[in-house]
Amino acid sequence: MIYIANDVESAGGKLGRHSTISIGAAVITREKITFEDYWKKGLVFYAELIPDSYCYDIEAMRVGCSQLMCIEEIKLRDDRFDSKSLKFDPEKVLRFMAKRCEERFSAMQRFSDWIKSMKSGEEKVIGVTDTVFFDGGRIDLCFGLYDDLRSPSPYGWSGLDLDSVYRGYMRKAGASLRELGVKDERTKPHRADQDAVFLAQQGHDLLFEKMGW
Numbered sequence: 003m004i005y006i007a008n009d010v011e012s013a014g015g016k017l018g019r020h021s022t023i024s025i026g027a028a029v030i031t032r033e034k035i036t037f038e039d040y041w042k043k044g045l046v047f048y049a050e051l052i053p054d055s056y057c058y059d060i061e062a063m064r065v066g067c068s069q070l071m072c073i074e075e076i077k078l079r080d081d082r083f084d085s086k087s088l089k090f091d092p093e094k095v096l097r098f099m100a101k102r103c104e105e106r107f108s109a110m111q112r113f114s115d116w117i118k119s120m121k122s123g124e125e126k127v128i129g130v131t132d133t134v135f136f137d138g139g140r141i142d143l144c145f146g147l148y149d150d151l152r153s154p155s156p157y158g159w160s161g162l163d164l165d166s167v168y169r170g171y172m173r174k175a176g177a178s179l180r181e182l183g184v185k186d187e188r189t190k191p192h193r194a195d196q197d198a199v200f201l202a203q204q205g206h207d208l209l210f211e212k213m214g215w
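Per this note's numbering, the sequence shown starts with residue 3, numbered consecutively.
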């Protein structure tokens, strides 16, 4: 069985109304590896998507756009693309993404192919998130709308909410994954690939080291 950590950034909190703007995923490895090794070993997926809606929540966009690769250069010369600026213009960013980012069918097919390439034979793949009503729902919706309609989601019917697993393991409703003490090596927090790798590292410590799965 293989576990894959997932993270998304979006234009807002309403599923079906606010667009998913980026997706990141990383394999939860059984051996402990460095933050950089996830990329070196091809264990990370990342896509920035053409938006399917121009609806947005400005605070969500300030977070979701803060580390997007597609606007790294333009935000240095135009404050309307800088999420930290008072001139930040979310709609302008979304319309820019519509011209520069990856088409959604292409991205989800690439994501599906990547997931399948991470497993051996009939090995089962489990999608892992830390916010069950946000990341998981958005990824499932994107697969439903934009992947090969003849094929089921590569994650199937199964999934794991790592935050809930940790609370159960600790027998404490208020427990947080941060208590695992995994060093946060992200240089770009809120970029979906780096967030997914950080979650994968937490998943390694919890599932394989502490719980012995």
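C-beta atoms are modelled at their ideal positions from N, C-alpha and C, and glycine is treated no differently.
Span of the alpha helix (DSSP H), counted from its first residue to its last, around residue i
i: residue 137; result: 137-148
i: residue 92; result: 92-102
i: residue 204; result: 194-205
i: residue 118; result: 106-119
i: residue 77; result: 76-79
Proximity of residue i and residue j at Cβ, strictly below 8 Å
i: residue 164; j: residue 128; result: no
i: residue 28; j: residue 10; result: no
i: residue 102; j: residue 72; result: yes
i: residue 22; j: residue 206; result: no
i: residue 192; j: residue 111; result: no
i: residue 132; j: residue 179; result: yes
i: residue 155; j: residue 145; result: yes
i: residue 139; j: residue 51; result: no
i: residue 120; j: residue 6; result: yes
i: residue 66; j: residue 13; result: yes
i: residue 84; j: residue 20; result: no
i: residue 203; j: residue 184; result: yes
First and last residue of the uninterrupted beta strand (DSSP E) at residue i
i: residue 171; result: Segment 164-172 is the alpha helix (DSSP H) holding residue 171; no beta strand (DSSP E) there.
i: residue 4; result: 4-12
i: residue 129; result: 127-131
i: residue 134; result: Neither: residue 134 is in no beta strand (DSSP E) and is coded neither H nor E.
Candidates the options, of which the one nearest residue i by Cα
i: residue 8; options: 36, 49, 17; result: 49
i: residue 172; options: 14, 36, 212; result: 212
i: residue 182; options: 94, 190, 168; result: 168
i: residue 219; options: 187, 125, 175, 82; result: Outside the displayed span of the chain (3 to 215) sits residue 219, for which this structure offers no information.
Per DSSP, the bridge partner or partners of residue i
i: residue 26; result: 9, 48
i: residue 161; result: 129
Any C-beta of chain B under 8 Å from that of residue i
i: residue 14; result: As a matter of chain content, chain B is missing from the structure shown, which is built from one protein chain.
_If we require 4 or more residues per run, which alpha helix (DSSP H) segments fall completely within the segment 32-59?_
37-42
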